[in-house]
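Counting with my numbering, you get residues 13 to 692 for the letters of the sequence shown.
Yeah, the Cβ is synthetic: ideal placement off N, Cα and C, and Gly gets one too.
I have placed the structure first, in the form of structure tokens, so that the comments after it can refer back to it.
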Amino acid sequence: MIITTKLRPPRLPRRRLERPHLVAQLNSYEDATLILVSALAGAGKTSLVREWLNQLDRPWAWFALDEADNDPVRFFTYWVAALQTIDDRIGYGLIEALRAPQAPDFETLLMTLINDCAAASPFVLVLDDYHLIESSALHHTLETFMDYAADGVQIVLTTRNDPPFRLGKLRGSGQLAEIRAVDLQLDPEELGTFFDSLAGLTLSRAQVEMLHARTEGWMTGVQLASLSAQGQADLDAFIQFFAGSHRFVLDYLVDEVLAQLSDEESAFLIQTALLTRLNGDLCDTLLGRSDSAHLLAELERRNLFVIPLDEERYWYRYHQLFADLLRRRLAQANHLDPRVLHQRAASWYEAHGWLEAAIDHWRRGGQDKHAARLIGEHGIGQLLQGEIGTLARWLDRLPVELQAADPWLGVLSAWTQVLQGQPQQALAVLDGLTIPRDESLVLGNRAAIRGYASAIMQDLAGAERYTREALDYLPQRDPVRAVVEFTLGGIAAFNGQVNDAVVAFQRAADLGRATGNLSIAIPALGTRASHLASQGYLERAESLYLEARDLSTRADGVLMPYATHALIGLAEVDYERNQLERCQQHLLAGMPLAERSANQEAIMNARLAMIRLHMARQEFGQALDLLDMVETILNQRRLTPGYQHQVDALRVMIWRYMDRTDEIGRWLKTHETYAHLPVN
């Protein structure tokens with residue numbers, strides 16, 4: 013589920029201090045690839061960028077980051093969703109690919125995104141609160157994106173600390189523009205304007221200079237000072253007392269702000285501060301009241317650090333620093349038990365389907381067993397949607413003893429390990445589990461994981477033994493069964509057992525379709541059709557490819573990325589029938605979908621089919637160029653040996669057609685596998 017408010021910038025207050033000189037400065041950075049707005053919390057970074065966007069004549073997108081976005085699947089999902097607010101063709105089909113059960117190939121996804129963005133430029137993408145991203149892999153991903161971004165693609169980061177990018181290189185090449193804390197500081201004139209126009213308090217020149225010295229132009233400090241100054245009989249004394257480090261000043265000001273509120277308003281703010289997002293219904297559940305929506309709207313109207321997150325003003329959040337201090341007050345309130353509030357919040361989130369928040373609040377409420385229950389109920393669903401990193405993070409936060417006591421949680425942990433390419437770690441987790449004999453679902457998943465891990469480690473005998481054991485345990489309509497059947501089909505095909513492979517792939521297709529697992533159903537149908545075509549049953553193969561194409565077509569007629577298996581297959585059938593125009597049409601439709609699917613085998617099959625089409629048309633130069641590209645990919649990725657054999661055979665065939673026998677001879681001498689073959 014995508015939280016749409018993460019893709020919308022916060023609303024600007026109706027009454028605010030405008031910063032035209034900073035907006036002009038940002039406008040002058042049009043040629044920069046990266047604009048870094050880096051300063052301490054509360055300096056006005058987000059507000060400035062939001063004001064700049066209001067007058068921008070280029071398309072822009074917004075991505076509000078939080079800690080959960082360190083999961084690469086979640087990060088890519090929201091990144092693509094944000095860019096699609098500019099042009100829905102950017103990353104078309106990538107979100108579906110990210111939800112597939114197999115771990116995504118993020119490098120391929122990134123290259124697709126770079127190409128799509130080049131076609132949609134110029135535009136601006138804002139990543140707000142980038143300091144919350146701690147993943148070195150995501151830092152590298154974004155830096156790679158900027159390295160290859162087309163002219164006109166501009167990234168804006170708001171952050172409390174500099175990202176670990178090669179900023180020196182970017183500065184040297186003129187690709188980096190910076191707005192720093194010193195730029196964001198209010199000067200004395202702006203501070204005086206703020207108090208006069210927005211706070212309704214006219215300060216003398218001496219008072220302005222004194223307050224500026226105390227706050228050092230820090231935007232949030234000035235805002236809080238203006239609130240606390242309301243009703244002060246002696247402004248000189250107030251400003252004179254306004255001193256100390258920011259932390260102590262802010263503590264004092266919050267006390268002053270809260271002191272001006274009614275007891276009911278203060279209690280509301282303190283007790284709801286544990287929520288990262290608020291709405292009326294959620295707060296009503298938390299506090300046992302019925303007017304929270306009205307109170308939130310009133311607090312926002314009075315500029316009490318309540319920020320609306322949508323146009324309808326349904327969701328809100330507190331200013332981050334304000335929330336931090338309110339939470340400190342909550343922890344200090346002896347008459348309040350934050351755990352009870354967390355438990356109420358967890359119940360609300362669970363009832364409304366917000367799994368991430370529900371699990372987090374159950375944990376914070378001291379109810380790890382409820383968090384574990386939710387993870388157990390929804391873990392497989394997360395895997396089938398491609399949310400492997402999210403599930404791994406949930407499990408990592410559970411107490412070790414709770415995981416050890418629940419074999420199902422151990423199985424889910426092993427799934428995350430094996431799907432992230434760590435088969436030995438997955439097997440180690442499984443070896444530590446004690447599973448009762450009557451727990452057939454758990455036993456079936458354990459066997460499925462062992463089969464999957466064995467296949468990765470090229471132990472085909474073990475893979476077949478464990479996958480067949482999994483089928484004995486798993487219920488007939490269990491979604492994991494489709495994955496097991498597909499694995500069995502691959503084993504049979506590798507062993508040359510074509511009929512067994514076809515039967516297994518058909519079972520995988522049927523199960524995938526019945527359980528809504530199209531990421532397995534479509535490739536399974538396509539693989540079965542491919543085997544039929546290789547045996548000369550072109551009509552039967554075509555029928556299955558058409559079935560797969562129809563199954564992967566949305567109600568609005570748009571093809572899902574999985575359709576690449578069907579379209580490339582139809583192109584192969586056309587090729588065998590010498591219908592080269594139809595072959596080209598299917599290839600041109602299927603190749604972009606293959607790129608978006610991030611499925612390396614689909615991409616390879618599409619390119620090899622295009623090479624054969626070039627050869628059939630005697631376009632040998634184009635065939636060789638594409639073949640070189642394919643071989644480069646093979647050198648970078650670990651795919652089955654059959655692909656290298658196909659590439660080698662096609663290369664020699666092309667040279668033979670071009671009468672380049674000398675080149676064939678030199679090539680054979682450097683490839684020991686084929687050295688015994690005669691050139692002719």
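In terms of Cα proximity to Arg375, the closest of His390, Pro116 and Arg351 is Arg351. Residue nearest to Arg356 within the set Gln344, Ala369, Asn346 and Ala345 is Ala369 (criterion: CA-CA distance). Using a 10 angstroms sphere on the CB of His373, the tally of other CB atoms reaches 16 or more, which defines it as buried. Burial is judged here by how many other beta carbons sit within 10 angstroms of a residue's own beta carbon; Ser546 has fewer than 16 and is exposed.
With 16 or more other Cβ atoms inside 10 Å of its own Cβ, His382 counts as buried. With contacts defined as CB atoms closer than 9 Å, Glu584 and Ser555 fail to qualify as a contacting pair. For Ile167, the beta-bridge partners assigned by DSSP are Leu46 and Leu137.
Pro320: member of the beta strand (DSSP E) spanning Val318 to Pro320, first to last residue. With a 10 Å radius around the Cβ and a threshold of 16 neighbouring Cβ atoms, Ser50 comes out buried.
The C-beta distance from Ile282 to Leu338 rounds to 5 Å, short enough to meet the 8 Å contact threshold. When DSSP states are grouped into helix, strand and coil, Ile387 belongs to the helix group. Taking Leu662 as the centre and dropping the five residues before and after it, the same chain places the C-beta of Leu620, Ile623, Arg624, Met627, Ala635 and Leu639 closer than 8 Å to its C-beta, in chain order. Note that the C-beta distance between Gln272 and Leu307 is not below 9 Å. The Cβ-Cβ distance between Leu500 and Ser452 does not fall below 9 Å.
A Cβ-Cβ separation of about 4 Å places Ala494 in contact with Gly524 under the 8 Å criterion.
Contact check between the region 245 to 252 and the region 54 to 64: fewer than three CB pairs, one atom from each, fall below 8 Å, which does not count as touching.
Nearest neighbour of Ala132 by Cα position, chosen from Glu559, Gln437, Gln96 and Ala505, turns out to be Gln96. Judged by DSSP secondary structure, Glu631 falls outside any alpha helix (DSSP H); it is assigned neither H nor E.
Taking 9 Å as the cut-off, the beta carbon of Pro573 is found no closer than this to the beta carbon of Ala115. Within the region 541 to 584, the runs of alpha helix (DSSP H) at least 4 residues long that lie entirely inside it are, in chain order, 550 to 563. Looking from the CA of Arg31, the closest CA among Asp195, Ala553 and Ser304 belongs to Asp195. Pro22 is a Cβ neighbour of Thr58, given a cutoff of 9 Å. The beta carbon of Leu537 lies closer than 7 Å to those of Ala521, Leu556, Glu559 and Ala560 in the same chain, with the five residues before and after it left out. Taken through DSSP and simplified to helix, strand or coil, Ile461 comes out as helix. When beta bridges are read from the DSSP output, Trp72 appears opposite Val136. Secondary structure at Leu287: coil, using DSSP grouped into helix, strand and coil. The continuous beta strand (DSSP E) containing Ile191 extends over residues Leu188 to Arg192.
Contact annotation, Ile145 with Asp81: C-beta distance approximately 7 Å; criterion of less than 8 Å satisfied.
By the C-beta criterion, the region 409 to 417 is judged not to be in contact with the region 497 to 516, since fewer than 3 inter-stretch pairs fall below 8 Å. Taking all protein chains shown into account, Ser425 has 16 or more neighbouring C-beta atoms within 10 Å of its C-beta and is therefore buried. Taken through DSSP and simplified to helix, strand or coil, Arg183 comes out as helix. For the pair of segments examined, the region 201 to 214 was found not to touch the region 163 to 182: the number of CB pairs separated by less than 8 Å stays below three.
In the three-state reduction of the DSSP assignment, Arg329 falls in the strand class.
DSSP places Ile392 within a helical segment (H, G or I) once states are collapsed to three. Within the same chain, Cys595, Ala621, Arg624, Leu625 and Ala628 come within 8 Å of Tyr587 by CB-CB distance, once the 5 residues on both sides are set aside.
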